[in-house]
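Engineer: Residue numbers (this note's numbering), protein chains in the order written: chain S, 104 to 266; chain R, 104 to 266.
Quick reminder that beta carbons are idealized off the backbone N, C-alpha and C, glycines included.
Supplied in structure tokens, the structure appears directly below.
Number of protein chains: 2
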Amino acid sequence: MLIQLVKTLPNVFSIGNFICGVLSITINMSGFPEASAIFIFLAAFFDLFDGRIARKLKADSALGIHLDSLADIVSFGVAPALLFHSFAPVSLLTSFAFILFPTMGVVRLARFSAHPTRGYFIGVPIPAAGLILAFMGLFSYSSSFITIILAVLMVAPIKVKKL
Amino acid sequence: MLIQLVKTLPNVFSIGNFICGVLSITINMSGFPEASAIFIFLAAFFDLFDGRIARKLKADSALGIHLDSLADIVSFGVAPALLFHSFAPVSLLTSFAFILFPTMGVVRLARFSAHPTRGYFIGVPIPAAGLILAFMGLFSYSSSFITIILAVLMVAPIKVKKL
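In structure tokens, the structure reads:
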């Protein structure tokens with residue numbers, strides 16, 4: 104019973120990541136984009152631990168892997184893109200960057216789930232890209248150029264070592 | 104070459120579903136919740152066809168299944184919850200319903216991806232639940248009670264026939 108309870112701990116962390124992503128979007132909608140950035144950092148805190156705890160507890164599960172990926176698209180794909188959108192001036196380039204970022208994020212996550220790699224990633228992981236946008240948002244800064252570069256790096260055929 | 108191009112068609116539909124979900128959230132953020140509901144319906148149009156086209160073209164792929172699931176959490180989990188949030192009066196019950204809906208949605212999607220069923224679903228599918236909230240939003244209507252019931256139905260151990 105206790106062991107089963109402990110084994111659900113990584114999933115609780117993934118759900119924590121997801122809820123922080125949803126709250127980040129809501130707070131941004133309510134007109135507090137800087138606070139919304141902080142929730143993306145909080146999501147990353149949960150995300151950092153779910154995989155580690157799962158491996159430590161030997162509780163890696165198919166359910167856990169899917170939960171992690173579904174939380175990531177909201178917290179590090181959609182929420183950071185909306186944060187960028189809140190600060191960026193209205194232009195065609197802004198709209199392009201705003202759509203490209205989460206779309207490349209979703210392609211990256213689906214690819215990784217379909218063909219997982221061990222010890223390394225192909226392309227920059229979505230939490231890293233999302234955190235850079237969140238960090239920029241914390242200082243009310245936006246750049247379509249950086250957002251597009253990050254979007255492309257997520258699906259670029261480059262090997263990135265797992266931390 | 105042409106066959107390969109045709110086989111990516113279902114994935115293009117899933118990405119269409121995802122982009123409609125992102126646009127629904129953005130339009131809601133810009134103060135047009137009714138228009139945001141329409142984008143959830145558009146997402147459902149894309150969602151209806153991706154699986155069918157994939158089966159017809161015999162182009163079902165692991166990538167496609169993951170793309171579909173990642174699009175669904177945004178378009179039928181997060182976007183409808185935010186739509187509900189736009190119309191609902193501020194209260195503890197509203198906040199509870201607002202968080203519960205996408206959270207049960209993410210659990211449902213992760214469960215289905217981890218243990219897929221054929222010909223039937225366990226629990227109400229997330230597009231159905233999301234579309235009910237979108238339909239309510241179209242008439243500027245919200246109900247915490249209905250939102251909580253839908254959230255619970257998504258993870259309830261009931262068999263639902265696939266359409």
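For Ile225/R, list the residues DSSP reports as bridge partners.
Structural biologist: Answer is Lys262/R, bridged to Ile225/R.
Engineer: For the alpha helix (DSSP H) holding Ser172/S, just list the boundary residues, first then last.
Structural biologist: Note, Ser172/S: alpha helix (DSSP H), Ala165 to Asp175.
Engineer: Does the distance from the CB of Ala174/R to the CB of Ser164/R come in under 9 Å?
Structural biologist: Their beta carbons are not under 9 Å apart, which means Ala174/R does not touch Ser164/R by this criterion.
Engineer: Do you know how far the Cα of Arg155/R is from the Cα of Pro136/R?
Structural biologist: For Pro136/R and Arg155/R, the distance between alpha carbons rounds to 30 Å.
Engineer: Which first and last residues belong to the alpha helix (DSSP H) in which Thr206/S is found?
Structural biologist: Here the alpha helix (DSSP H) through Thr206/S covers Leu195 to Ala217.
Engineer: Please report the residue range of the alpha helix (DSSP H) in which Gly154/R lies.
Structural biologist: Its alpha helix (DSSP H) spans residues Pro136 to Lys159.
Engineer: How about Ala147/S and Pro230/S: are their beta carbons less than 9 Å apart?
Structural biologist: Yes, Cβ-Cβ distance for Ala147/S and Pro230/S is below 9 Å.
Engineer: Quick one, which residues of the segment 202-234 of chain R are near chain S if we go by CB-CB under 7 Å, in chain order?
Structural biologist: Listed in sequence order: Ile202, Pro205, Thr206, Val209, Leu212, Ala213, Arg214, Ser216 and Ala217.
Engineer: Quick one: what's got a C-beta closer than 6 Å to Ser127/S's C-beta in the same chain, skipping five residues either side?
Structural biologist: Only Ser139, Phe142, Ile143 and Ala182 meet the Cβ criterion.
Engineer: Below 9 Å on C-beta distance, what does Ala165/S contact in chain R?
Structural biologist: By Cβ distance, chain R contributes Ala213, Ser216, Ala217 and His218.
Engineer: Closer than 9 Å, Cβ to Cβ, to anything on chain S: give me those residues from the segment 120-132 of chain R, in chain order.
Structural biologist: The residues in question are Phe121, Ile122, Gly124, Val125, Leu126, Ile128, Thr129, Asn131 and Met132.
Engineer: Answer with buried or exposed for Arg211/S, where buried requires no fewer than 16 other C-beta atoms within 10 angstroms of its C-beta.
Structural biologist: By the neighbour-count rule (16 or more Cβ atoms within 10 Å), Arg211/S is buried.
Engineer: Less than 9 Å between the C-beta atoms of Phe248/R and Ala213/R, yes or no?
Structural biologist: No, the pair does not count as a contact, with Cβ atoms beyond the cut-off.
Engineer: Between Ser243/R and chain S, is there a C-beta pair that is closer than 9 Å?
Structural biologist: Output row for Ser243/R: interface = no.
Engineer: Chain S partners of Ala140/R, CB-CB under 9 Å?
Structural biologist: Going along chain S, no residue has its Cβ under 9 Å from Ala140/R, so there is no contact; the nearest lies around 15 Å.
Engineer: What does a CB cutoff of less than 8 Å around Gly124/R pick up in its chain, not counting 5 residues either side in sequence?
Structural biologist: So the qualifying residues of the chain are Phe142, Ile143, Ala146, Ala174, Val177, Ser178, Phe179, Val181 and Ala182.
Engineer: Kindly indicate the opening and closing residues of the alpha helix (DSSP H) around Pro113/S.
Structural biologist: Per DSSP, Pro113/S belongs to the alpha helix (DSSP H) from Leu112 to Met132.
Engineer: Decide if the segment 234-247 of chain R is in contact with the segment 185-199 of chain R; the criterion is three or more beta carbon pairs, one per stretch, under 8 Å apart.
Structural biologist: Contact holds: three or more Cβ-Cβ distances are below 8 Å.
Engineer: Determine the DSSP secondary structure at Phe242/R, reduced to helix, strand or coil.
Structural biologist: In the structure shown, Phe242/R sits in coil (DSSP, three-state: anything other than H, G, I, E or B).
Engineer: Can you find a C-beta in chain R that's less than 9 Å from the C-beta of Ser246/S?
Structural biologist: Not one chain R Cβ lies under 9 Å of Ser246/S.
Engineer: In this structure, how does DSSP classify Ala237/R when only helix, strand and coil are distinguished?
Structural biologist: Correct three-state label for Ala237/R: helix.
Engineer: With distances taken between CB atoms, is the gap from Leu253/R to Val227/R smaller than 9 Å?
Structural biologist: Yes, these two residues count as a Cβ contact at 9 Å.
Engineer: Please state if the CB of Leu166/R and the CB of His218/S are separated by a distance shorter than 9 Å.
Structural biologist: Cβ distance < 9 Å, so His218/S and Leu166/R count as in contact.
Engineer: Would you tell me roughly how many angstroms separate the C-alpha atoms of Leu160/S and Thr250/S, rounded to the nearest one?
Structural biologist: About 36 Å.
Engineer: Just to make sure I have the definition right: I need the residues of chain S whose C-beta is within less than 7 Å of the C-beta of Val177/R. Which are they?
Structural biologist: Under the 7 Å cutoff, chain S gives Ile176, Val177 and Val181.
Engineer: Tell me the DSSP secondary structure of Pro192/S in three-state form.
Structural biologist: Three-state DSSP puts Pro192/S in coil, outside helix and strand.
Engineer: Quick check on DSSP: helix, strand or coil for Thr250/S?
Structural biologist: Reduced to three states, the DSSP call for Thr250/S is helix.
Engineer: Considering only residues of the same chain and omitting the five flanking positions on each side of Phe116/R, which have a CB-CB separation below 8 Å?
Structural biologist: Taken in chain order, the residues that qualify are Phe149, Asp150, Phe152, Asp153 and Ile156.
Engineer: Starting from the beta carbon of Ile118/S, find every residue of chain R whose beta carbon is closer than 8 Å, and list them in chain order.
Structural biologist: By Cβ distance, chain R contributes Thr206, Val209 and Val210.
Engineer: Exposed or buried, which one is Thr129/R when buried takes at least 16 other CB atoms within 10 Å?
Structural biologist: Burial call: buried.
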